[in-house]
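Visitor: Handing you this structure, nothing more for now.
In my numbering, the protein residues as written are 1471 to 1828.
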């Protein structure tokens, strides 16, 4: 498989204990996104679970600009420092998320109106953060969700002020700040042909413009029936053909129905609540537990088929209680998308992934 450069290498944890990270240690990193309470280690049982099961972590929210750079010239690294320290203590691969994103954006940055000011803001933001964690953060999502569903560039303050070259500019800034960290483009719905084609062109343009890009992250916010395994496989092959690492960066499988007009994982999308849209408020029926386990197993079989191309599989959360899907795109729903339930106990899906390697 593709390895991290020797200067930035984190050994995959080994040991006799049965766990996800040990089961897949020869294949790819197994990661989880950590929320604030998990970073603070407020629940010892959850802390132990994270250390036992995962060898890679991503910051769910604390490194987004509205938190780490809330005001011009003012950075708040308290939580991101704790996040990095957690990863180092547990000898994990540490992934930074995210440097440039139009959502959860620092308000002062969203108000910029001209290219010169935006260039200064991006330079200060990226250079300060990446240099601070130079040699400690193994990889970064440099730009997140820059594409529309048809593969064209999304209209954002970065595109409006700086122009389409803001992507190359961002990647070059990050590479200059830490030449040895891996740099990713990250997005959702890359299994959809039009958007995937746009992402392929985005990567090619970065390469043509001399920007360092090491990998593409497919967020993998999927459900019980889609995308198809064929489309997932095409995604792996199309990005691997560009000589970049392939990662599945925000993996979860929703078991709930989706409103007909909701596509993708745009956190700003909302729909009306109804009983039909929240069918399992008191727990997941056994039949759906089995279906979820089978879906995870089928996807991981495909991942194992292409383990030489895949660097990391990161679940977007540790347990069902933490999952963002409880509130998206409808507030107050009860979803069950991860491998551990609300009490952090393993589900059938967890055991189905362990059994694949027996």
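No residue lacks a Cβ here, since even glycine has one placed at the ideal position from N, Cα and C.
Would the region 1754–1764 count as touching the region 1676–1691 if we require 3 or more Cβ pairs under 8 Å?
Guide: no
Visitor: When the Cα atoms are used, what is the spatial distance from residue 1511 to residue 1604?
Guide: What you label residue 1511 is simply residue 41 of the chain shown in a count that begins at 1. What you label residue 1604 is simply residue 134 of the chain shown in a count that begins at 1. Cα-Cα distance, rounded: 24 Å.
Visitor: For the region 1809–1824 and the region 1532–1548, state whether three or more C-beta atom pairs, one from each stretch, are separated by less than 8 Å.
Guide: no
Visitor: Pairs of beta-carbons, one from the region 1660–1669 and one from the region 1713–1722, closer than 8 Å: are there three or more?
Guide: no
Visitor: Would you tell me roughly how many angstroms separate the C-alpha atoms of residue 1576 and residue 1659, rounded to the nearest one?
Guide: Numbered from its first residue, the chain shown carries residue 1576 at position 106. Numbered from its first residue, the chain shown carries residue 1659 at position 189. Distance between the alpha carbons of residue 1576 and residue 1659: 25 Å.
Visitor: Starting from the C-beta of residue 1551, find all residues in its chain whose C-beta is less than 8 Å away, skip the five residues before and the five after it, and write them out in chain order.
Guide: For the purposes of this step, residue 1551 is identified with residue 81 of the chain shown, where counting begins at 1. No residues qualify anywhere along the chain.
Visitor: Counting Cβ pairs, one atom from each stretch, are 3 or more of them under 8 Å apart for the region 1494–1511 and the region 1584–1592?
Guide: No, because fewer than three Cβ pairs between the region 1494–1511 and the region 1584–1592 fall closer than 8 Å, the two stretches do not touch.
Visitor: Could you tell me whether the region 1743–1755 touches the region 1645–1664, where touching means 3 or more Cβ pairs closer than 8 Å?
Guide: no
Visitor: Expressed to the nearest angstrom, what Euclidean distance is found between the alpha-carbon atoms of residue 1786 and residue 1526?
Guide: As a position in the chain shown, residue 1786 is number 316, starting the count at 1. As a position in the chain shown, residue 1526 is number 56, starting the count at 1. Distance between the alpha carbons of residue 1786 and residue 1526: 12 Å.
Visitor: Have a look at residue 1821 and residue 1680 and give me their C-alpha separation to the nearest angstrom.
Guide: Counted from its first residue, the chain shown places residue 1821 at position 351. Counted from its first residue, the chain shown places residue 1680 at position 210. When rounded, the distance between both Cα atoms is 44 Å.
Visitor: Considering only residues of the same chain and omitting the five flanking positions on each side of residue 1485, which have a CB-CB separation below 8 Å?
Guide: Residue 1485 sits at position 15 when you count from the first residue of the chain shown. Any reading at residue 1485 needs caution, since the residue's pLDDT is 41, under 50, leaving its predicted position unreliable; the model's value is listed next. Excluding residues within five positions, the ones whose Cβ falls inside 8 Å are 1492.
Visitor: Run the CB neighbour count on residue 1707, radius 10 Å, all protein chains shown included, and call it buried at 16 or more, exposed below.
Guide: Start at 1 with the first residue of the chain shown, and residue 1707 comes out as number 237. That one is exposed.
Visitor: When we look at the beta-carbon of residue 1523 and count the other beta-carbons within 10 Å, is it buried (16 or more) or exposed?
Guide: One-based indexing of the chain shown puts residue 1523 at position 53. So residue 1523 counts as buried.
Visitor: Figure out for me which residue from 1643, 1637, 1769 has the closest Cα to the Cα of residue 1701.
Guide: Position 231 of the chain shown, counted from the start, is the residue given in the question as residue 1701. Per the Cα distances, 1769.
Visitor: Within this structure, are the beta carbons of residue 1807 and residue 1723 separated by less than 7 Å?
Guide: Looking up residue 1807 in the chain shown gives position 337. Looking up residue 1723 in the chain shown gives position 253. Contact flag set, yes.
Visitor: Could you check whether the region 1536–1543 touches the region 1790–1798, counting it as contact only if at least three pairs of C-beta atoms, one from each stretch, sit closer than 8 Å?
Guide: no
Visitor: With burial defined as no fewer than 16 other Cβ atoms inside 10 Å of the residue's Cβ, what is the status of residue 1644: buried or exposed?
Guide: Within the chain shown, residue 1644 is the residue found at index 174, counting from 1. Result: buried.
Visitor: In angstroms, rounded to a whole number, what distance separates the CA positions of residue 1802 and residue 1809?
Guide: The residue you call residue 1802 lines up with position 332 of the chain shown. The residue you call residue 1809 lines up with position 339 of the chain shown. Residue 1802 and residue 1809: Cα-Cα distance of roughly 20 Å.
Visitor: Once you ignore the five residues that flank residue 1765 on each side, which residues in its own chain have a CB closer than 7 Å to its CB?
Guide: Along the chain shown, one-based indexing puts residue 1765 at 295. Within the same chain, residue 1765 has close Cβ partners 1694, 1723.
Visitor: Taking the beta strand (DSSP E) that residue 1686 falls in, what are its first and last residues?
Guide: Numbered from 1 along the chain shown, position 216 holds the residue referred to as residue 1686. Note, residue 1686: beta strand (DSSP E), 1685–1688.
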